[in-house]
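A.B. asks: According to the numbering used here, the sequence shown is numbered sequentially starting from 691. Glycine residues also receive a C-beta, built at the ideal position from the N, C-alpha and C atoms. If you're wondering where the values come from, they're calculated on a predicted model, not measured in any experiment. Take this structure, written in structure tokens, and hold onto it; I'll ask about it next.
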Amino acid sequence: MTSIPKSTTQESPTVIRTLRVRLYPGTAANGQYLEQLAGACRFAWNHVLAGHETDYRTWKASGKPGEGPGDPTFFTLGKRFTQLRNAPGNEWLKDYHYEIVRYVCKYLGDAYAAFFDPDRPDHGRPQYKAKHYIQPAFTIPSHVRIEDGRLYIPKMGWARLGPISRYADGQPLTVRVRQESESKQPKWYAYIVFEVPEDHPDVYRPAKTGAVGVDRNVGQATDSTGEVHALPDTTVEDAKIKRYQRRMARQQKGSQRRRGTGGKLRKLQRKRARRRDNATHQISRKVADTAHTVVLEDLNTKAMTKSAKGTVENPGKNVKQKAGLNRAILASGWGQLERKLEYKAGELWFVDPAYTSQACSQCGHTAKSNRPSQAVFACGACGFQANADHNAAINILVRAGLPPVPVSARGTGAAARRGALPPWSVARPAKGTPATREPDMRGVNHCI
């Protein structure tokens, strides 16, 4: 008996990419169906959540030992949904695709997992979804069909898509359909998750060599080559948002006028968020193209943006100024930039931020007097002068133990010494998504 040799061919590695595409329902009836399907998902979320919470409280009050209602996983919550779908009075749920509506149990299970995760103490208990304060959305979890620029919505039919500029030859895995407008003709978008080969021409790759430090500041980020990456100015949107917020505060809760004002407010907030998201995407791409290794400060944004109000016994100082600084920090997208660099850069490292803004990148002299102003750095020991953010970015790079950029890119002054800065900490790598995998929409609960 002769043995048949096994095939030595191996599948090429793949990566996950998500593409946001406009979706056109085509008719008013189709648009209404999409809203009803999203409403069925919201109904399932609320009732499955209520069922689990009720059983848990009943078991807790009984004081009886045992496993209780069980862990709220996709499997156990999915069984609750099946019971809900088959219950008398809920026959209308069968008008919508079973897997699409049941998939909210996956998001609910993930929300419970995050709530119980000790590493995520800020993640609260899953909440109910209100009808008027969320964006209608649903997920097609499998068997995605895209043909001739159209997406097949189960039990509805085909819906036209906008141009698919990239990954058109990739394998679609899931689709998240979401309404992102509250006008009389709402806009729908499809977030299509593609699986494509790693060597696909549309897949961006980070630089193969080099290292760069990045100093994040309010409204901008500066790298160690001296390039300043500015965030868009949202002064106009901020002023309008404040005006609508004041108007809402004066209007009666539950009124049509307040609901209309809330719609305008959320539209502006989405516009501002899109601009910030687009800017951080562009900045992270430029930085990843500059060098293979990117070094950031290990900033504790939560502590930096803590309220300065204090207590009645110990009131805070400069509360108004601190509140304005907190808003500016949160609007600068530090976390977004960090998350995007985790999968765009070849390597992402973090260093201790202590005194990076006061230390001289040329001689290592550290003093508060080295900062005569917010924008200027002037060393009191060697006389080196530079932009303060540029100097800090070089310090961040050197502190990671990586070679600094050439002197020509750093202005004038004595040559920097690698050991000029004290070793406050050892640089640590990022604990995030590998560079070959972009975060996709399959595990993201965007307002069911």
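Entirely within the stretch 773–830 and at least 3 residues each: give me those beta strand (DSSP E) ranges in chain order.
C.D. replies: The qualifying runs are 827–830.
A.B. asks: Would you kindly work out how many angstroms separate the C-alpha atoms of residue 719 and residue 867, rounded to a whole number?
C.D. replies: Their backbone Cα atoms lie some 17 Å apart in a straight line.
A.B. asks: Helix or strand or just coil, what does DSSP make of residue 1077?
C.D. replies: If DSSP states are grouped into helix, strand and coil, residue 1077 belongs with the strands.
A.B. asks: Does the stretch 873–892 come close enough to the stretch 1012–1030 to have 3 or more Cβ pairs within less than 8 Å?
C.D. replies: Contact between the stretch 873–892 and the stretch 1012–1030 is absent, because fewer than three Cβ pairs lie under 8 Å.
A.B. asks: With DSSP as the reference, identify every bridge partner of residue 913, one or two as the case may be.
C.D. replies: Its beta-bridge partners are 904.
A.B. asks: Is the beta carbon of residue 1064 less than 8 Å from the beta carbon of residue 1078?
C.D. replies: Their beta carbons are under 8 Å apart, which means residue 1064 touches residue 1078 by this criterion.
A.B. asks: Could you name the residues that DSSP lists as bridge partners for residue 883?
C.D. replies: 708, 864, per the DSSP bridge assignment.
A.B. asks: Under three-state DSSP, which class holds residue 934?
C.D. replies: It is helical.
A.B. asks: Between 1028, 1047, 1044, 1007, which has its C-alpha nearest residue 1038's C-alpha?
C.D. replies: Selected option, being the one with the closest Cα: 1028.
A.B. asks: Let me confirm a value: residue 1043 is counted as buried when at least 16 other C-beta atoms fall within 10 Å, else exposed. Which label applies?
C.D. replies: It is buried - the Cβ of residue 1043 has at least 16 other Cβ atoms within 10 Å.
A.B. asks: Could you give the distance in angstroms between the alpha-carbon of residue 759 and the alpha-carbon of residue 915?
C.D. replies: Their Cα atoms are separated by approximately 57 Å.
A.B. asks: My assumption, with CB atoms under 8 Å, is that residue 854 sits in contact with residue 911. Please give the rounded CB distance.
C.D. replies: The Cβ separation is near 31 Å, so there is no contact.
A.B. asks: Have a look at residue 892 and residue 706 and give me their C-alpha separation to the nearest angstrom.
C.D. replies: Their backbone Cα atoms lie some 12 Å apart in a straight line.
A.B. asks: Check each candidate in 850, 865, 1084, 781 and name the one with the smallest Cα separation from residue 708.
C.D. replies: Ranking the options by Cα distance to residue 708, first place goes to 865.
A.B. asks: Verify whether the separation of the beta carbon atoms of residue 827 and residue 728 is less than 8 Å.
C.D. replies: It is a contact, given that the beta carbons lie within the stated cut-off.
A.B. asks: Quick one: give me the first and last residue of the alpha helix (DSSP H) that residue 1018 is part of.
C.D. replies: Counting along the chain, the alpha helix (DSSP H) containing residue 1018 begins and ends at 1009–1021.
A.B. asks: Return the residue from the list 1076, 863, 858, 1018 that minimises the CA-CA distance to residue 923.
C.D. replies: Checked all of 1076, 863, 858, 1018; the closest Cα to residue 923 is 1018.
A.B. asks: Can you list, in chain order, the residues of its chain with a C-beta nearer than 7 Å to that of residue 1020? Leave out the 5 residues immediately preceding and following it.
C.D. replies: The residues are 995.
A.B. asks: Roughly how many angstroms lie between the CA atoms of residue 859 and residue 702, to the nearest whole one?
C.D. replies: Spanning the two alpha carbons is a distance of roughly 15 Å.
A.B. asks: Which residue marks the beginning of the alpha helix (DSSP H) containing residue 991, and which one marks its end?
C.D. replies: Looking at the DSSP string, the run of the alpha helix (DSSP H) that includes residue 991 is 991–994.
A.B. asks: Expressed to the nearest angstrom, what Euclidean distance is found between the alpha-carbon atoms of residue 1012 and residue 999?
C.D. replies: Cα to Cα, residue 1012 sits roughly 9 Å from residue 999.
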